[in-house]
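J.: Residue numbers (our numbering), protein chains in the order written: chain U, 1 to 362; chain V, 363 to 724. Yeah, the Cβ is synthetic: ideal placement off N, Cα and C, and Gly gets one too.
There are 2 protein chains.
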Amino acid sequence: MDRKTSPFRPVTVADVARRAEVSKATAARVLGGYGPVSEEVKLRVQAAAKALDYRPNELARSVSTGKSGTIGIVVGDIENAFFGIAVRSISDTAHRHGFNVILANSGEEVEAEKAALKVLVGKRVDGLIVTPADNRTIAHLRDIVRSRRPLVLFDRPIEGLSVDVVATDDRDAAFAATMRLIEAGHRRLAYVTALHAEPPVFIGPEQLYTSSVKARIDGFLAACHAAGIEAPEQGICLAGGAIAGQQRASVERLLADPEPPTAILASDSLVAFEIFKATQARGLRIPDHLSLISFYDAEWTSVTTPPISVIDQPVYDMGTRAAELLIARINGETSPVRQCILPTRFIARGSIGAPRRLLAAI
Amino acid sequence: MDRKTSPFRPVTVADVARRAEVSKATAARVLGGYGPVSEEVKLRVQAAAKALDYRPNELARSVSTGKSGTIGIVVGDIENAFFGIAVRSISDTAHRHGFNVILANSGEEVEAEKAALKVLVGKRVDGLIVTPADNRTIAHLRDIVRSRRPLVLFDRPIEGLSVDVVATDDRDAAFAATMRLIEAGHRRLAYVTALHAEPPVFIGPEQLYTSSVKARIDGFLAACHAAGIEAPEQGICLAGGAIAGQQRASVERLLADPEPPTAILASDSLVAFEIFKATQARGLRIPDHLSLISFYDAEWTSVTTPPISVIDQPVYDMGTRAAELLIARINGETSPVRQCILPTRFIARGSIGAPRRLLAAI
DNA sequence: CTCTCAATTGAGACCGGTCTCACAATACAT
DNA sequence: ATGTATTGTGAGACCGGTCTCAATTGAGAG
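Dropping the structure here:
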């Protein structure tokens, strides 16, 4: 510890106190802005602080106050525009309330999520906003709740975990979107999601380890059943994670089927992007050969030909709400657990048409 | 300070020590993994730590070691995919080296940048990666350098500030792209950038407060001059920041000109996006009525009709390099200041054609 | 059977802040 | 003039870690 001898040793309250010829306690009162101080001494200390270019050590402050003024965010993938905006929104709101943000990426891996949580708790964040990667392993989240550290789940509720949530009405949205496809005449529908399964085949809902995915597939299947479509489960495609090429391969396989779907509902904009590119590569025209709806109003969906119909999620609002909820808890609010489910909005664009066979029959 | 009485008081080394029946110093040695400890005591302490669910307080650790294991990032706008990926890449690399990341958004405002820097320095980050918003006011960056805290500028070098930089060959890229437009026969070119100016008219390079913007405009003008184009400065459009509608209005004004440009080079994908949408709204066809090249290979540019030619910037690599450079400095590397200029790659797509009048003449 | 040395261990200072408490100085009431 | 608040200040404990240093122990050497 040669910090004392270094010429670049940061200035401390003690240094300022010495220069202002007051006690450390008094200098701390001025610089920390808490105790009563006379105007004259205040000015003297401030002058000394300025002269020495004093910068408070927030860490030391945090360890003695027990609050860090920081909130931790754990998202699945910052590269995904959905999370990008969420982070932006959370961080805007946090700053507005005087908090900072530490960001961690789980890459949708539970182990990474656990590690990230550990670090954030170690850094004594005042609260956490998490997009849980897997609702089957949540012991680490339970620990957070048990330790009374405020936690808000983002986008993905977890049944049986009593904690604040901000999400969207995934089931309803998927149901309504599927209905639109059915109303357009489609009977061979597919739902493509980024979930990983080995083998990549849908067996049953117990496989769906992300709650939002489950809710959406629920909605999709419910709509199919309501329309009397047989075995809609066969249209569910678990296209795998963001690992290079995995999704693309799944999508290509789907479209290469001798009896390919005539309409697809995509679980997120990345999957939809793969689908769109695959249709282009195969020379398929939307909506003539394939109708497409995607979750999330990504930038690109509005500029393709035709533009893609989407289920718009109010991400920015979601982030703001999550941050506000969290900060309220940090500030001591003790109301019962809240589920904040925001409505989605369907944006109809040119990507929905009648299935080809139907067109031919007319 | 009623922390001691609370039943949720976090477990400390002292608690663990008491339970393991050793001194605080010994427990700390085991938990911190530094001093020599006998195997037997080690196991006892570890068992006690586990039983109590001990979680080290990284803040306390940081204040006594003087290192926080954290690097700070200040970007202009996380919502921008360019920065999104940069953040992702930096954070990946940081984690790989055992560092965490605190994120701050400047919104391209110097004041916010200053504030963010202040907070990050307060939190004693071990190093900083910054995308400076304005190269005219850099006193706060100078302070960082002076205090010997490692700093890497990202994407935007600043002349006269002796500090590590990771950026791209903006001038060359802009020159080459402009040349392509000129070679296609264009003589009325525009360069549209997100810079804000009041009034929004290009007067001279001293106005260009972001170095990358300056370099690109330099390149653009140099190519125009080389081709003997007169008064190319008139084609420079300072379209303003991300404030709602500002860019859109500027772009619409540009296209509504009685003698509109026949080719545009866009400074980033957001501006290009506005331009693309504006052409669609006006019924202009690319590349027949307008040729378009954009900086940055944003997702959407590959799926439009036609797809947009872009200057691809190796963002992920840039982020990785910046993080590695920074971490090397944090670990004590003292080599002279490095400028890491990465090459861009031109991706030719269908958005470049001959100007219309030329076509008509054939 | 001492002596030296290395390996462990504990006591306590320290990091840079906050915060409690006792005390001095002044203001006001009696 | 005396007693009582009120205000400002300093001394020093504390937060939860790290780290220095001296003390204790046992093994091997002479």
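#1: Please list, in chain order, all residues of the same chain as Arg707(V) whose beta carbon is under 7 Å from its beta carbon, the five residues on each side excluded.
#2: Nearest chain V C-beta to Lys123(U) closer than 7 Å, yes or no?
#3: Does DSSP put Gln46(U) in a helix, in a strand, or in coil?
#4: Do Arg171(U) and Ala215(U) have their CB atoms nearer than 7 Å?
#5: List in chain order: all unbroken beta strand (DSSP E) runs of 3+ residues lying wholly within the stretch 635–720 of chain V.
#6: Report the rounded CA-to-CA distance for Gly350(U) versus Lys277(U), giving the unit in angstroms.
#7: Near Ile648(V), which residues of its chain fall below 7 Å by C-beta distance, leaving aside the five closest residues on each side in sequence?
#8: Could you check if Glu79(U) is buried or exposed, using at least 16 other CB atoms within 10 Å of its CB as the buried criterion?
#9: Under DSSP, the alpha helix (DSSP H) around Ala176(U) begins and ends at which residues?
#10: Tell me, please, whether the stretch 175–186 of chain U touches the stretch 248–259 of chain U by the rule of three or more beta-carbon pairs shorter than 8 Å.
#11: Closer than 7 Å by C-beta to Ala478(V): which residues in its own chain qualify, once you throw out the five before and the five after it? Chain order, please.
#12: Where does Val121(U) sit, in a helix, a strand or coil, going by DSSP?
#13: Can you pull the chain V neighbours of Pro56(U), defined as C-beta to C-beta under 8 Å?
#14: On the DSSP bridge assignment, give the partners of Gly434(V) in chain order.
#15: Please classify Ile144(U): does DSSP put it in a helix, a strand, or coil?
#16: Spatial neighbours of Gly98(U) within its chain, please: C-beta separation below 8 Å, excluding the five flanking residues on both sides.
#17: Of all the options Arg356(U), Glu21(U), Arg248(U) and Tyr34(U), which has the alpha carbon lying nearest to the alpha carbon of Val41(U)?
#18: For Ala361(U) and Ala281(U), I'd like the C-alpha separation in whole angstroms.
#19: Rounded C-beta distance between Leu704(V) and Thr499(V)? I'm assuming under 8 Å.
#20: How about Val11(U) and Leu59(U): do their beta carbons lie closer than 7 Å?
#21: Closest to Ala560(V) by CA distance: which of Asp377(V), Thr682(V), Pro676(V) and Ala601(V) is it?
#22: Using DSSP with H/G/I as helix, E/B as strand and the rest coil, what is Ala361(U)?
#23: If I measure Cβ to Cβ from Met363(V) and keep anything under 8 Å in the same chain, skipping five residues before and after, which residues do I get?
#24: To which residues of the same chain is Ala354(U) closer than 6 Å at the C-beta, ignoring the five residues directly before and after it?
#25: Which first and last residues belong to the alpha helix (DSSP H) in which Val192(U) is found?
#26: What would DSSP say about Phe582(V), mapped onto helix, strand or coil?
#27: For Gln153(U), which three-state DSSP category applies?
#28: By the three-class DSSP mapping on this structure, what secondary structure does Val403(V) have?
#29: Indicate the three-state DSSP secondary structure (helix, strand or coil) for Ile452(V) in the structure shown.
#30: Under 8 Å Cβ-Cβ, which residues of chain U neighbour Phe638(V)?
#31: When burial is assigned at 16 or more other CB atoms within 10 Å of the CB, is Tyr553(V) buried or exposed?
#32: Quick one: grab the DSSP three-state call for Leu265(U).
#33: Decide if the stretch 314–322 of chain U is in contact with the stretch 111–125 of chain U; the criterion is three or more beta carbon pairs, one per stretch, under 8 Å apart.
T.: This is what the structure gives:
#1: Asp674
#2: yes
#3: helix
#4: yes
#5: Within the stretch 635–720 of chain V, the complete beta strand (DSSP E) runs of at least 3 residues are 653–657, 671–674, 701–704 and 707–709.
#6: 16 Å
#7: Cβ within range, chain order: Thr641, Leu654, Pro668 and Ser713.
#8: buried
#9: Asp170 to Glu183
#10: no
#11: Hits under 7 Å: Val436, Ala466 and Ser468.
#12: Helix at Val121(U).
#13: Chain V residues near Pro56(U): Gly484.
#14: Ile464(V) and Leu490(V)
#15: helix
#16: Cβ neighbours of Gly98(U) beyond the five flanking positions: Gly69.
#17: Of the listed residues, the one whose Cα sits closest to Val41(U) is Glu21(U).
#18: In this prediction, Ala361(U) has a pLDDT of 44, which is less than 50 and means its spatial position is unreliable; what the coordinates show is noted afterwards. Cα-Cα distance, rounded: 27 Å.
#19: Contact between Leu704(V) and Thr499(V) does not hold, since the beta-carbon distance rounds to 27 Å and is not under 8 Å.
#20: Result no, Cβ atoms of Val11(U) and Leu59(U) do not sit closer than 7 Å.
#21: One detail in the question is off: residue 560(V) reads as Glu in this sequence, not Ala. For the options Asp377(V), Thr682(V), Pro676(V) and Ala601(V), the alpha carbon positioned closest to that of Glu560(V) is the one of Ala601(V).
#22: Confidence is the limiting factor: at Ala361(U) the pLDDT is only 44, short of 50, which leaves the residue's position unreliable and the question unanswerable from this model.
#23: Confidence at Met363(V) is low in this model, with a pLDDT of 49, below 50, so the placement of that residue is unreliable and no value is reported for it.
#24: Ala184 and Gly185
#25: Premise fails: Val192(U) lies in the beta strand (DSSP E), Leu189 to Thr193, not in any alpha helix (DSSP H).
#26: helix
#27: Sequence inspection shows Leu at residue 153(U); the Gln mentioned does not correspond to that position. In this structure, DSSP gives Leu153(U) an extended state, which the three-state scheme calls strand.
#28: helix
#29: Look at Ile452(V) here: in three-state DSSP terms it is helix.
#30: Val303
#31: buried
#32: strand
#33: no
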